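*Asks:* So the mapping is simple: the working numbering equals the position in the sequence shown, first residue as 1, plus 19.
Just so it is clear, CB atoms sit at the ideal spot from N, CA and C, and this is done for glycine as well.
Nothing here was measured: the structure is a model prediction, and the numbers come from that model.
Please find one structure pasted underneath; my questions will follow.
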Amino acid sequence: MSSGSTSHGSRSPGSSSHAYGTSGPLGSTGDVGTCSIRGVALRWETAGGVGSVLAVVPCCGVRWINGVIMNSRVRGSSAKIYNLPFITPNPDLNVYAFLQRAVIPDPKTATPGSHCTIDFPNTKHYQSADGFFAGSNIELVIVCSHPDSHASFVEKALRARKHVVVEKPFTTTTAEADRVIAIAKESGKILTCYQIWMVRNKTIEYTPGEGMTFELGAHSIDQALVLFGKPASVTAFLRSVSGVESEIDDTFTIILQYSGEKKNLLITIKTAIATLMQDQLKTFVRGTKGSFIKFSTDV
């Protein structure tokens with residue numbers, strides 16, 4: 020497969036085609052203003068007007084199971100579910116290019132969501148990082164790749180004179196974070212981390228790592244804490260069941276138990292890579308007055 024760029028269409032996944040214009044370049048000399056989050060959509064403001072060209076770095080063909088007592092079999096879910104749906108409707112942003120190393124599927128047989136060339140047939144597609152970051156029209160890069168590649172992609176983007184939004188985790192080590200922050204200051208470009216999070220005025224020492232618990236479990240645990248508060252005890256089972264010898268978990272089950280008035284409350288948080296279900300279970304609540312079942316993810 021060629022590592023050069025290929026021209027494809029620009030449309031929101033699962034919707035009809037849209038045209039996204041720009042009202043002026045971002046990053047022109049003296050024009051860089053502020054970056055703000057309005058609702059969830061990104062909007063770049065400059066002294067000369069609002070507008071930008073956008074490039075997205077999705078998960079490069081990685082297939083995993085998403086879970087928060089919720090499961091969903093997806094490719095590039097971070098880009099498809101948590102970024103693009105809030106970017107494509109914004110008339111001030113234009114999805115210009117993708118870096119996705121997965122082999123391009125046959126458009127005649129490929130299903131929606133299987134590859135960026137299927138969902139965005141008119142945008143540029145790169146399989147080479149060097150070609151992607153060399154693109155002169157790219158002004159803002161959204162990094163949605165695997166956590167261990169965040170620092171590398173962020174550094175490449177900043178050194179290519181591009182603004183950067185990087186998915187959580189920002190980096191996997193504080194040393195990487197310090198390095199890319201220093202590069203951002205040196206380049207004069209905006210670098211920020213995207214994800215909803217809760218502030219805690221407390222330092223908790225931990226060892227950064229990989230795996231589904233680290234990447235996906237955080238969302239489910241956060242959801243449980245918001246809804247039900249701190250549990251009395253936590254029991255976790257971490258496994259690697261994909262057939263590859265590894266210490267990194269691809270499947271987990273976490274059980275939260277409560278006390279006092281909530282002593283009968285039991286919460287199970289799961290992510291399982293071994294599943295062929297088309298519609299994955301996201302939430303299942305059993306109660307004395309009814310039950311609630313939900314599949315898939317809200318966008």
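Report the residue from Glu174, Pro188, Leu159, Met231 whose alpha carbon sits nearest the alpha carbon of Ile200.
*Replies:* Glu174
*Asks:* From what residue to what residue does the alpha helix (DSSP H) around Arg198 run?
*Replies:* 193-206
*Asks:* Taking just the CA atoms, how far does Leu295 sit from Thr193?
*Replies:* 38 Å
*Asks:* Please list, in chain order, all residues of the same chain as Phe303 whose beta carbon is under 8 Å from its beta carbon, the five residues on each side excluded.
*Replies:* Cβ neighbours of Phe303 beyond the five flanking positions: Ile88, Ser310, Phe311, Ile312, Lys313.
*Asks:* Evaluate Phe247 with the Cβ neighbour count: other Cβ atoms within 10 Å of its Cβ, from every protein chain shown; 16 or more gives buried, anything less gives exposed.
*Replies:* exposed
*Asks:* Under a three-way DSSP split, which group does Thr287 fall into?
*Replies:* strand
*Asks:* In or out: Ser155 buried (at least 16 other Cβ within 10 Å) or exposed?
*Replies:* exposed
*Asks:* Could you say which of Phe139, Gly150, Ser168, His182 lies nearest to Val160 if we only look at CA atoms?
*Replies:* His182
*Asks:* My assumption, with CB atoms under 8 Å, is that Arg180 sits in contact with Ser147. Please give the rounded CB distance.
*Replies:* The C-beta separation of Arg180 from Ser147 comes to about 18 Å, leaving the pair out of contact by the 8 Å criterion.
*Asks:* From this set, Thr254, Ile157, Asp268, Lys301, which residue's C-alpha is nearest Tyr277's C-alpha?
*Replies:* If we check each option's Cα against that of Tyr277, Thr254 comes out closest.
*Asks:* Nearest to Ile123 by alpha carbon, out of Ser133, Pro188, Tyr115, Val260?
*Replies:* Ser133
*Asks:* Roughly how many angstroms lie between the CA atoms of Trp83 and Arg305, to the nearest whole one?
*Replies:* Here the model assigns Trp83 a pLDDT of 20, short of 50, so the residue's position is not dependable, and the following value carries that caveat. Each residue's Cα considered, the two are about 27 Å apart.
*Asks:* Ordered along the chain, which non-local residues of its own chain (more than five positions away) have a Cβ less than 8 Å from that of Ser265?
*Replies:* Ser259
*Asks:* Taking 8 Å as the cut-off, decide whether the C-beta atoms of Ala116 and Thr142 are in contact.
*Replies:* Closer than 8 Å, so yes.
*Asks:* Roughly how many whole angstroms lie between the Cα atoms of Leu103 and Lys308?
*Replies:* 38 Å
*Asks:* If you draw a straight line from the alpha carbon of Ile324 to that of Leu235, how long is it in whole angstroms?
*Replies:* The question about residue 324 has no answer, for the chain in this structure spans 20 to 318.
*Asks:* For Val185 versus Tyr213, is the C-beta spacing smaller than 8 Å?
*Replies:* yes
*Asks:* Just reading off the alpha helix (DSSP H) that Arg120 is part of, what are its end residues?
*Replies:* In the DSSP assignment, Arg120 falls outside any alpha helix (DSSP H), carrying neither H nor E.
*Asks:* Please go through the stretch 118-166 and give each complete alpha helix (DSSP H) segment of 4 or more residues, from N-terminal end onward.
*Replies:* 135-138, 148-152
*Asks:* My output table needs one value for Ser310: the three-state DSSP class, helix, strand or coil.
*Replies:* strand
*Asks:* Does the beta-carbon distance from Thr190 to Ala203 come in below 8 Å?
*Replies:* no
*Asks:* Which same chain residues, not among the five before or five after Ser252, have their C-beta less than 6 Å away from its C-beta?
*Replies:* Gln276
*Asks:* Which same chain residues end up closer than 6 Å to Gly230 when comparing Cβ atoms and leaving out the 5 residues on each side of it in sequence?
*Replies:* Cβ neighbours of Gly230 beyond the five flanking positions: Ile267, Asp268.
*Asks:* How many Å lie between Asn113 and Ile106 at the Cα?
*Replies:* 8 Å
*Asks:* Would you say Leu257 and Phe271 are within 8 Å of each other, going by their C-beta atoms?
*Replies:* Closer than 8 Å, so yes.
*Asks:* Evaluate Asn109 with the Cβ neighbour count: other Cβ atoms within 10 Å of its Cβ, from every protein chain shown; 16 or more gives buried, anything less gives exposed.
*Replies:* buried
*Asks:* Rounded to whole angstroms, what's the CA-CA distance from Pro166 to Ala153? Just pull it up for me.
*Replies:* 22 Å
*Asks:* Need the endpoints of the alpha helix (DSSP H) that Ser239 sits in, please.
*Replies:* For Ser239, the enclosing alpha helix (DSSP H) begins and ends at 237-247.
*Asks:* Tell me the DSSP secondary structure of Glu186 in three-state form.
*Replies:* strand
*Asks:* From Ile273 to Glu280, what distance separates their C-alpha atoms?
*Replies:* 21 Å
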